[in-house]
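A.B. asks: Residue numbers (the working numbering), protein chains in the order written: chain A, 6 to 596; chain B, 6 to 596.
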Ligand SMILES: [Mg+2]
Ligand SMILES: [Mg+2]
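#1: Measuring only from the beta carbon, is residue 489/A closer than 8 Å to any heavy atom that is part of ligand 1?
#2: Does ligand 2 have even one heavy atom less than 8 Å from the beta-carbon of residue 300/B?
#3: In the structure shown, what three-state DSSP assignment does residue 489/B receive?
#4: What residue range is occupied by the uninterrupted alpha helix (DSSP H) comprising residue 38/B?
#5: So, are the CB atoms of residue 473/B and residue 431/B less than 9 Å apart?
#6: Could you work out which residues of chain B lie near residue 172/A, taking near to mean beta carbons separated by less than 8 Å?
#7: Mind checking whether residue 523/A and residue 555/A have CB atoms under 9 Å apart?
#8: Output, in sequence order along the chain, the residues in the region 315–334 of chain B whose CB is closer than 9 Å to any CB in chain A.
#9: In whole angstroms, give me the CA-to-CA distance for residue 99/B and residue 399/A.
#10: Applying the 10 Å Cβ sphere with the 16-neighbour rule, what's the burial state of residue 48/B?
#11: Where does residue 566/A land, buried or exposed, given buried means 16+ other C-beta within 10 angstroms?
#12: In angstroms with no decimal places, state the Cα-to-Cα distance between residue 33/B and residue 22/B.
#13: Roughly how many angstroms separate the alpha carbons of residue 224/A and residue 576/A, rounded to a whole number?
#14: Would DSSP call residue 6/B helix, strand or coil?
#15: When burial is assigned at 16 or more other CB atoms within 10 Å of the CB, is residue 300/B buried or exposed?
#16: Hey, could you find the ends of the beta strand (DSSP E) residue 264/A is sitting in?
#17: Give me the Cα-Cα distance between residue 347/B and residue 230/A, rounded to the nearest whole angstrom.
#18: Suppose the cutoff is 7 Å on Cβ atoms and the five residues either side in sequence are ignored; what does the same chain contact list for residue 206/B look like?
#19: So is residue 208/B buried or exposed if we call it buried at 16+ other beta carbons inside 10 Å?
#20: Going by DSSP, what residues sit across from residue 66/B in a beta bridge?
#21: Taking buried to mean at least 16 other C-beta atoms within 10 Å of its own C-beta, is residue 602/A buried or exposed?
#22: Taking the beta strand (DSSP E) that residue 237/A belongs to, which residues open and close that run?
#23: Strictly under 9 Å for the Cβ-Cβ distance: is residue 473/A near chain B by that measure?
#24: Is residue 464/B near ligand 2, with its Cβ less than 8 Å from a heavy atom?
#25: Compare the C-alpha of residue 35/B against each of 67/B, 13/B, 81/B, 77/B and name the closest.
#26: Examine ligand 1 and report whether any of its heavy atoms sits within less than 8 Å of the Cβ of residue 427/A.
#27: Which word fits residue 653/A, buried or exposed, when buried means at least 16 other C-beta atoms lie within 10 angstroms of its C-beta?
#28: What residue from 519/A, 390/A, 505/A has the CA that sits closest to residue 467/A's CA?
#29: Take the Cβ of residue 526/A as the centre, count every other Cβ of all protein chains shown within 10 Å, and call the residue buried at 16 or more, exposed below.
#30: Can you pull the DSSP bridge partners for residue 150/B?
#31: Are the beta-carbon atoms belonging to residue 2/B and residue 413/B less than 9 Å from one another?
#32: Mapping DSSP to helix, strand and coil, what is residue 285/B?
#33: Is the beta carbon of residue 342/A within less than 8 Å of some heavy atom of ligand 4?
#34: Does the beta carbon of residue 384/A sit closer than 9 Å to a beta carbon anywhere in chain B?
#35: Between residue 505/A and chain B, is there a C-beta pair that is closer than 9 Å?
#36: Give me the Cα-Cα distance between residue 289/A and residue 423/A, rounded to the nearest whole angstrom.
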C-alpha cells in the first residue's frame, strides 16, 4: 500500500527507526479497514505524523481478486466483498483490451471520446455496405464515419469497431455501439474524412480504405496498424463474485437484445431473459429494408399486406433464433417503434438506388419522404400510433412472434413471449392494440391446434402513461419504463439536440449528471415512483421493468431497487454491472 | 316554439280541436321548462301523443335576449339566465358578420375551415411585406398564403383577415389568428396560389393581387368582391348578462395580449389583466427583426449586448404602451421563448436580403442557420434555456420591463409587472434566472431611486415542472400552466405533426376531443390537479393561472374552476366566453 516505493526504500536506509514505526502503523490500518490503504504522512522534528488514510486505488482485476481472496481467507464477508468492487469498474473486464506493453510503445494518431469500451482492429471502411461486403468474406473491419445514422446499423453490426469524427457520448454511434457492446470511439475531430476519395487525413498522414487501424474504446485512442488484443475472462474470481452477487440481489436483470447472437451473449453474461427486443433493427438489415420500403410506399392496406406477407417468414425466423437462444427465458418483444420516414433514404443517391431496386419512380419516393416529414419526429407518428393507423403491421409482427414461439416449443424448447406495445399514452390505445393482437393469436391457436403462454404489456415512456397507469394496468400484463423517452418528454429535452445546452446545465449544477446517462431521480424518478404505486394500486402484482439505457447504470439500478421494480434490462455487456449494482443496493437496503 | 309554422297553419284549419289541445300543452311545457321548447308529436286515431320536448335552438343573439328578458320579467333568476346561454355560442356576438341578406345571394368561390370567427374583406396580397405596405397606406388587405410562418406575423397583424390553402384548425395561421381575434379561413384547398405570378386560380377563375375578396371566419366561405359587414355590439343585453356572470364567477379571467392595442381590446372585453404577453412577437415586427438577427449572429456576448442595447428602448416602449392600456391591472410578461432559429430566414432569398441589410456574408448566415438547426425544436434550445445560456438577453428584457413600469408609474398610472420565466423544468433554472433578474432590478431601483412592486414566476409547461412544483414554488411568486406545451410533452404529441394521426384517434374514440382544443382532463388534467395540490403544499397562497389556448374553451374553463386555479387567460376575443363559462362553473358547483 505505498505509492512511491523507490523513495520508501531510500527512507528505509536513512531513517530505519521511523520506517519501522510506519510499517507497524500500516499493518494496523490495513487490519482495521480490512483493505489495502493509501496513506499520507509527514515527519517533523524526528516525529512521524499520519495525515490521511484511504482505501487504495486498484485496477478492476485487482479489485475483484483482492475482494474474493479476502473473503476466502475469512477476512471479510461475501457482502463486504461485493461492496468492495465498483460496478462501473468491471466494465473493463467484460471487453477485450490491447496488450498493455504493445500499446505503450505506440503513438496514437488521433484521440476521440471512449464511447463504448473494448479494443478492436481491422481494415478501415467508410460505408456500411463496404463493411458488410468485407465482413462476409471474413475480414476484420473498422467502420469509419463522420456520423452514423440508422441506415448504418447493418455495417456497425458486422464491424469490429466504429470510429466517428463527430458526435458526443450520446450520439447515434455511441448509443448504438454501447447497446451492441461494440468498441467505439466518437468525436475524433482530427480525422478529416473524405467519403468520395475513400480515405481520411490526420495531420500529414493519409489512411486509405483497406489500411489497418486499431481503436481503443477504453481511452479513445486511434492507432495505425494492428495491435494485439487480450480477451476478457468471465471465469475464476469474476465468476465467483457474480455468483455471490446473484445470491443477494432481489432485482431481476435482463438484457436488451435484438438478434439470436445478442441473446446468446446476454445469457452468457447472466441475463434472466430479454427485457427489450427491438424489432425495427431487423428491418434495417440487408434486403429486408427493401421489403419494408415496399410496404411504406404501398398505395393502400392491401398493398401493405402484400409486402408484409413477404416480411413475415423473415421476421418469424429471427424470433425462432432468439427463442432458441433463450431456452425458456422470457422475451419482451417490442412492436415497431420508429417513425416510417427513418426507413426511407433522404438523399438523392439513396432515392435513385431505391427506385432502381423497387421499380418505383423517384418522384413517388420523394413525395413519400416529403409527406412523412415531421417537425418534431420524437413526438410524431411512431410507436403504437403506427400500429393503430396501420393495424396490418402489428398483425404481421404478432403473427411472426407467436408462430415462431409455437414452432420452437414444438421442438421441445420452452418459450415465453411477451409482446410489448410501445409509446402508449392512453389506456384506449392499449385496449385496441391488445384486442387486435388477441384476435391474431386466437386465430393462430385455432389453426395450429395448440396454445402457448404469452403476455401483452406496454412501455411507460410517455408522461401521460405514467400519470394514468392505473387505467392502463387494466389492459396490461406487464409494464416497462422506457426511461430514454420518459426523460425526453418528461424533461422536455430532445436527446438529439440537448448537446447544445445540457453540458452547460451540468456545469452550472442544474442537473448533477446528464439525465440521459444517469436517471434524474428527483424528477423522472419521482414520476416513476408514483407510477409504480399507482399501477400496483390498480393491479397488485403487475411487473415493472425498465429498459432505457439507465438499466445498466449503477446509480440508476440502485434507484430501481429502491422503488421496487421487478427487473432492469440493459445491453448484454452491462448485465454483470447491473447484477453487481443490484446486489449492492440490496445489501445497502438491509443495513 | 313550433318548427314548421306553415303545416301548423294548415293543421289549425283542418283539425281545430287537436290544435287547441296542442297549444295548451305547449304553454304548459314552456311554463314548466321556463324556456322556448321544440317538441314532437303524433296523432293516432284522433288522439294527440306528445313524443319529445327539448329546449329550442336559437341564434346567439336571441339566446342572450330571451335569457335577459325572462330574468327581467322575474320568470327566471340571474343564475338561470346565465345557464341558458352557451358560452361557445356568444363567440359569434364578438366578431363582425356579413350582412346575412347580402351573403345569401353570393356564391362562394371556395370553402375552407372556419379557423377564427369574423367577417373581413380587402385587397388580396400574397406576402406579409405587401400586406404591411398597403396597410400603411390605409388600405384593407386580406393576406393569402399557402401556409403562414412566424415571419408573417407582421403582415397577419395588419391584415383584415387571413386565408390559407393548406393547414388545419391547429395550423400556424389558425392558432395565431385566433390569438389575434382575427378572421381566418384555413385549408381552402381549391385555391391554387402562385406566389411568383401574384395570383390564385380557383376553378376557371383567376384572382390577382389587389383584387377584392371577402372571407367568412364563421363558416369558412371565400367570396369574390366586397360584402358589407355588421359590427358586434357589446352593450345592451350582452353587457347585462356579462355583468351578472361576473357576479357569480370565482375564477379570474385575463387575456393573452402582446401589444398595447391587444391590451386595450382585452380590457374592453372585461379582462382583469394580462396573463400572457409574448415578448418575441415584438421581435418579428418591422425593423426589429434585423436588430434581433444581428444579436443572433454576434460572435460573442459583447456583440450580443451591443445589438440588445439597440433593442432595449424599442422593447421598453412596447411595455410602456401596454402598462398604460392596463391602468394598473397585472401584466404577466413572458421572457423570450422560441428557439433562435425561428428568427432567421431559411430560404436563399431571405438570407441574401438579410446579408444585404446587415452587411454579413451569406455564408455566415447559412452556417448559423445550419448550426442552430434542431431535430426536435419543440424539445430543444428555447425558453429559459436561452436566457440561462445567453443571460444578456433576459437581462435586457427584464430591464425593459422594469424601466417601462417605473416610467409609466411616474406618470401617475399604477403598474403591476409579473415577469414569467418560460419552460422551467428544474427549480434550479428558476433560481438562477431569478437571481439574474433581481440583480438587474435592484440596479435599476438604485439608479432611479425608486421601487415598484413586481413578481417573478414561471410557467408549468414541462411535465417535470408539474411533478416537482413544490420545489419550484420556493422560487416563484406565481405559476401559470402552459397547457399547449404541457399537452405536447405530456401526451407526446407534436402539435405541428399530430394532424397525421390525431383526427383518426378522435374518430376511434381514443381521445374524445383534440387535446389541443379541449383540455385532456383525464391525463393532462390529472397532472394539473396534482401540481396544484403539490405546489400549494409548499406555498399555501401561490397563484395558479393557465395561459394555453384552453383558457378560453368552456369545458376547460370549468375544469380550471374545479381544480381551484386562480385565473384563466385567453385571447381577448374569448374573454367574455371565459367569463360566462366561469360563472356557469361556479353556479354548477354550488348546487
Ligand atoms: Mg421509446
Ligand atoms: Mg410554451
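Ideal placement from N, C-alpha and C gives every residue a C-beta, glycine not left out.
C.D. replies: The relevant details are as follows:
#1: Set against 8 Å, the gap from the CB of residue 489/A to the closest heavy atom of ligand 1 is smaller.
#2: no
#3: The answer is helix: DSSP assigns residue 489/B an H, G or I state.
#4: 21–38
#5: yes
#6: Ordered by position in chain B, no residue passes the 8 Å Cβ test against residue 172/A, which lies about 13 Å from the chain.
#7: yes
#8: none
#9: 49 Å
#10: Exposed, by the Cβ-count rule.
#11: buried
#12: 17 Å
#13: 20 Å
#14: Reliability fails at residue 6/B, whose pLDDT of 39 lies under 50, so the model's placement of it is uncertain and no value is given.
#15: buried
#16: That residue, residue 264/A, is in no beta strand (DSSP E); it is neither H nor E in DSSP.
#17: 47 Å
#18: 197
#19: exposed
#20: DSSP lists no partner for residue 66/B.
#21: This structure does not reach residue 602/A, given that chain A is present from 6 up to 596, and the question cannot be answered.
#22: Careful: residue 237/A lies outside any beta strand (DSSP E) and carries neither H nor E.
#23: yes
#24: Yes.
#25: 81/B
#26: yes
#27: Shown here, chain A extends from 6 to 596; a query on residue 653/A therefore has no answer.
#28: 390/A
#29: buried
#30: Beta-bridge pairing by DSSP links residue 150/B to 169/B.
#31: With chain B running from 6 to 596 in the structure shown, residue 2/B is simply not present.
#32: coil
#33: Judged by which ligands are present, ligand 4 is missing from the structure shown, whose ligands are ligand 1 and ligand 2.
#34: yes
#35: The beta-carbon of residue 505/A is placed less than 9 Å from the nearest beta-carbon of chain B.
#36: 23 Å
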